[in-house]
Structure formats: C-alpha cells, structure tokens
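Numbering of the sequence shown is given in our numbering, commencing with residue -12 and proceeding in unit increments. Written below as structure tokens is the structure these notes are about.
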Amino acid sequence: MPELLFYQRPTVLNKETHKALRFLPVKDFGFTSKVNSVPLLAIEFFESSRDLPVLFSQDSEGSFFPIVLLSLKNQGHEQIDESGRWLGNYTPAFIRRYPFVLSGDKNVCFDADYVGLADLEGEGELLFADDGAYTDTLTKIIEFVTNFEAEHVRTREFCQAASEQDVFKPFVLQVVTADKKPLRLDGLFIIDEKKLMALADEVVTAWFRKGYLAWAYAHLHSLGSLQRLSEKLDTRS
C-alpha cells in the first residue's frame, strides 16, 4: 500500500519542536486531484460500495490490496470541485487521515507542507498543552491513525487469505469516451464469485466469523458503481 502517496515532507511530531503547532482540519482536498484511486480498508467496503467501485491491485511484491476507484480517467478524478471541496458521499480514510500518518515504528508523523499545521496565531487547535500533554485534538488524531493501522493489518490478512484461496481474477476496464478516445485501466483484480461459492465449508465458516465473506460481497456489490463513474466521465461501453 503506497502509505505516503500525498505526503511531501513527512515529519515526526515532537512535543518540544512542535509545541506551538495549531491544526486546521483539511477542507481543500485538491492534493488528491491527480490520482484516480486510493487504497481502501476492508472495513470501508460497505460505505464505499454505495457510490464507488472497490477493486484490487498488487504491490511490487505481488501482494494484493484493495483500492477504491475515484474515476475512470487514467489520471485525476471528479470527486472534488474547483475549490477542492469533496463532492462524494464517502471520503476514504486514506484521504481523511491526511496530513497525519503513523510511521512503521509507531511514531505520529505529519506532512510539514500542509498549510493547516503551523503557528497560526490563534487559529486552529493546539496539539500539545503547555505541559507537553496531548490535547483532545491530538488524542483523537492518534486514535484515528492507530485504528487505521489496525484495520490496515486486518485488510492485509483478508487479502492474503483470498490470495491463498486463489479467488482473485484479472479485471481489465475499457471504456470509450464521447469523443471516441479509448481508455484502458490495467493491473486490476476482482474476486471471482464462482470461486468464492466453491470454497470449502471450513473456509466459509472461518471467513464468515472474521467478516471476510461480508467484505467479499460488499466488493462485488460495489462493481455496480462503475456505471456511475462512466456517466460522470461521459463515456459509453
């Protein structure tokens, strides 16, 4: 999973160096404007499936991970307006956690290029109290990125289990724009429902108890959202 996709200057948060930092929540999501997808947590499949398709990709080591497709363009998406305001019904956690992220050694980091994290002369919320203790704002931020990491682990476990059962199959997305220009999105995978239904009973039971079956079917349900993205792009199959 490309953990630092949007982060220009990842910096470890330090209570001494950054004691005067104030945080203004992100309202301009323009930093996402050049991507057509972002990684997704499995627990988000349900919410995302209502409006956006959930697919799978592979990292450099061949491991599968889920993505949410924001657009059928090769680059960019239509989920924001000109001011950067998010227009979609659901904003993926991968985007919502910006400008914060949990490093591999469990340190809270932030993007030092984010303009809403600075000594803002009274604007925004302090991250540290005068005695160096976490403020409620920072406590909630840490809770969010920590939960994100925990769900990321569960998502990887789900994808590993699905890979071991060989239920993924390639999915090539091809559309033709209104001006007759072909678009092709490669490197995508979906779960093969026939293979899913052929799983051994003990696997089905284990997947049901772990929530994997529900996630698999939420993914399959989400594929109906491809038509909505096609309409936004003004394309035809």
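Glycine included, each C-beta is placed from N, C-alpha and C at the ideal position.
- By the Cβ neighbour-count rule, T192 is exposed, with fewer than 16 other Cβ atoms within 10 Å of its own.
- Distance from the Cα of D123 is smallest, within the candidate group V(-1), F10, G109, H5, for F10.
- Spatial neighbours of K219 in its own chain (CB-CB distance under 7 Å, excluding positions within 5 residues in sequence) are listed in chain order as E65.
- Closest in C-alpha terms to K181, from the list L175, D173, R171, Q152, comes Q152.
- By the Cβ neighbour-count rule, V140 is exposed, with fewer than 16 other Cβ atoms within 10 Å of its own.
- Note that the C-beta distance between F135 and L89 is below 9 Å.
- Within the stretch 81 to 147, the beta strand (DSSP E) runs of at least 3 residues that lie entirely inside it are, in chain order, 87 to 89, 95 to 98.
- In summary, E31 is buried, with 16 or more beta-carbon neighbours lying within 10 Å of its beta-carbon over all protein chains present.
- Where D173 is concerned, the enclosing beta strand (DSSP E) starts and stops at 169 to 178.
- If you look at V190, you'll find it in the alpha helix (DSSP H) that goes 188 to 197.
- L56 and N23 have their C-alpha atoms some 6 Å from each other.
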